[in-house]
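Peer 1: Under the working numbering, think of the first position of the sequence shown as 19, with each following residue one higher.
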Amino acid sequence: MVALDIDGTITPVGREDVAPAVRAAIRRAVDRGAHVVLSTGRSLIGTLPVAGHLGLTGTALCSNGAVWWDAAAGEVVRRVVFDPGPAVARLLDLLPGAVFATEVTGVGNLSLGRFPDGDLWGEVRHVTRGELVAAPTSRLVVRWVGRTPEELRLRLLDVALPGVAWSVDHTEPWLTLSPPGVTKGAALEELRRELGVSPRDTLAVGDGDNDVEMLRWAAHGVAMGQAPVTVREAADAVTSTVLEDGAAAVLDRYFAA
Numbered sequence: 019m020v021a022l023d024i025d026g027t028i029t030p031v032g033r034e035d036v037a038p039a040v041r042a043a044i045r046r047a048v049d050r051g052a053h054v055v056l057s058t059g060r061s062l063i064g065t066l067p068v069a070g071h072l073g074l075t076g077t078a079l080c081s082n083g084a085v086w087w088d089a090a091a092g093e094v095v096r097r098v099v100f101d102p103g104p105a106v107a108r109l110l111d112l113l114p115g116a117v118f119a120t121e122v123t124g125v126g127n128l129s130l131g132r133f134p135d136g137d138l139w140g141e142v143r144h145v146t147r148g149e150l151v152a153a154p155t156s157r158l159v160v161r162w163v164g165r166t167p168e169e170l171r172l173r174l175l176d177v178a179l180p181g182v183a184w185s186v187d188h189t190e191p192w193l194t195l196s197p198p199g200v201t202k203g204a205a206l207e208e209l210r211r212e213l214g215v216s217p218r219d220t221l222a223v224g225d226g227d228n229d230v231e232m233l234r235w236a237a238h239g240v241a242m243g244q245a246p247v248t249v250r251e252a253a254d255a256v257t258s259t260v261l262e263d264g265a266a267a268v269l270d271r272y273f274a275a
């Protein structure tokens, strides 16, 4: 069972195209019987183009494991949600000038404030605060406009956000909030059991803070070369960067013809 992050692992951040070497390595792994699972913080609407490009037919774990997509059936088979209201209220006070968006699964986002072009996948509907928090969601994202990831981390240091799991991006001032207890690692463990894969036959590759649980979950956790120190320390090994096709090098170590 092979768990692959998308952004910064098999594609440059925010892109849909997978490098030919990485795409070929994934195909070799599939051909040799591996369950290749996209495990991403992206929403479903942002994941589908990549899954389609790769021709994967199994389960994709989106929104950090809150949304499970069965590619063969063409449907969402699991969706975990939370009430975004308390977290939004807290973050509006903590992060002046931040913009917020909740996921509308398979469609796009409700947005409070304007995100930079390319930040959000799918349709974007601009709403009031009341509309933003009116319904449970599987994913809430926040960009602290004009700030750095380091400033965002410092502002959230020792802050309790009620009823959510969260992570900060290491390249952008971007915060992702998920339902409590939902992580890539937890979702992958559930899927591993469903598939009947031995714990020792698990491999994961990622580059972000939201990949730490996934890398620790896997028998073989590999961090991308550009990953921050905290992520590299959680891994068993480090490969080259996304621009150097580091994920392909990992896969070929196990699945090359």
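Note that the Cβ used here is the ideal one computed from N, Cα and C, for glycine as well.
Pick out the complete alpha helix (DSSP H) segments inside the region 57 to 111, 4 residues or longer, and give them in chain order.
Peer 2: Qualifying alpha helix (DSSP H) stretches, in chain order: 62 to 72.
Peer 1: Can you give, in chain order, each stretch of the beta strand (DSSP E) that sits fully within the region 226 to 253 and has at least 3 residues?
Peer 2: If we require 3 residues or more, the beta strand (DSSP E) runs fully inside the region 226 to 253 come out as 238 to 241.
Peer 1: F118 and L150 - do their beta-carbons sit closer together than 9 Å?
Peer 2: For the purposes of this step, residue 150 is identified with residue 132 of the sequence shown, where counting begins at 1. For the purposes of this step, residue 118 is identified with residue 100 of the sequence shown, where counting begins at 1. Against a cut-off of 9 Å, the Cβ pair of F118 and L150 comes out as a contact.
Peer 1: R143 bridges to which residues according to DSSP?
Peer 2: As a first step, residue 143 must be located in the sequence shown, where it is residue number 125. Paired residue(s): L128.
Peer 1: Count the other C-beta atoms from every protein chain shown that fall within 10 angstroms of the C-beta of S216, then say buried if there are 16 or more, exposed otherwise.
Peer 2: One-based indexing of the sequence shown puts residue 216 at position 198. S216 is exposed by the Cβ-count criterion.
Peer 1: Using only CA atoms, which one of P114, V125, T123 and G140 lies nearest to G131?
Peer 2: Residue mapping note: residue 131 aligns to position 113 of the sequence shown, counting from 1. Looking at the Cα atoms, P114 is the closest of the given residues.
Peer 1: Rounded C-beta distance between A266 and V40? I'm assuming under 8 Å.
Peer 2: As a first step, residue 266 must be located in the sequence shown, where it is residue number 248. As a first step, residue 40 must be located in the sequence shown, where it is residue number 22. Yes, they are in contact, since the Cβ atoms of A266 and V40 sit about 5 Å apart, within 8 Å.
Peer 1: Under 8 Å: do the region 174 to 184 and the region 123 to 140 share three or more Cβ pairs, one atom per stretch?
Peer 2: Touching, no.
Peer 1: CA-CA distance, T146 and S196?
Peer 2: Start at 1 with the first residue of the sequence shown, and residue 146 comes out as number 128. Start at 1 with the first residue of the sequence shown, and residue 196 comes out as number 178. The alpha-carbon atoms of T146 and S196 are separated by roughly 21 Å.
Peer 1: Short of 6 Å in beta carbon distance, which residues of its chain neighbour D25, apart from the five on each side in sequence? Order them along the chain.
Peer 2: Translated into positions along the sequence shown, residue 25 becomes position 7. The residues are V31.
Peer 1: Assuming the contact rule is C-beta atoms closer than 8 Å, W162 and P134 should be a hit. Round their C-beta distance to whole Å, please.
Peer 2: Position 144 of the sequence shown holds residue 162. Position 116 of the sequence shown holds residue 134. The Cβ separation is near 12 Å, so there is no contact.
Peer 1: Opposite G224 in the DSSP bridges: which residues?
Peer 2: As a first step, residue 224 is located in the sequence shown; it is residue number 206 there, counting from the start. Answer by DSSP bridge pairing, in chain order: A241.
Peer 1: If distances are taken between C-alpha atoms only, which option among A241, A252 and D270 comes closest to W27?
Peer 2: Taking the sequence shown and counting its residues from 1, the one referred to as residue 27 is at position 9. Correcting the residue type first, residue 27 is Thr in the shown sequence and not Trp. Checked all of A241, A252 and D270; the closest Cα to T27 is A241.
Peer 1: Give the secondary structure of R33 by DSSP, where H, G and I count as helix, E and B as strand, and everything else as coil.
Peer 2: Mapped onto the sequence shown, residue 33 falls at position 15. Note: R33 maps to coil in three-state DSSP.
Peer 1: Determine, using beta carbons only, whether V99 and T155 come nearer to each other than 9 Å.
Peer 2: The count along the sequence shown starts at 1 and reaches residue 99 at position 81. The count along the sequence shown starts at 1 and reaches residue 155 at position 137. In contact: V99 and T155 (Cβ atoms closer than 9 Å).
Peer 1: Within its chain, find whatever has a CB closer than 8 Å to the CB of R218; leave out the 5 residues flanking it on each side and keep chain order.
Peer 2: Stepping through the sequence shown from its first residue, residue 218 is reached at position 200. So the list reads A237, once near-sequence residues are dropped.
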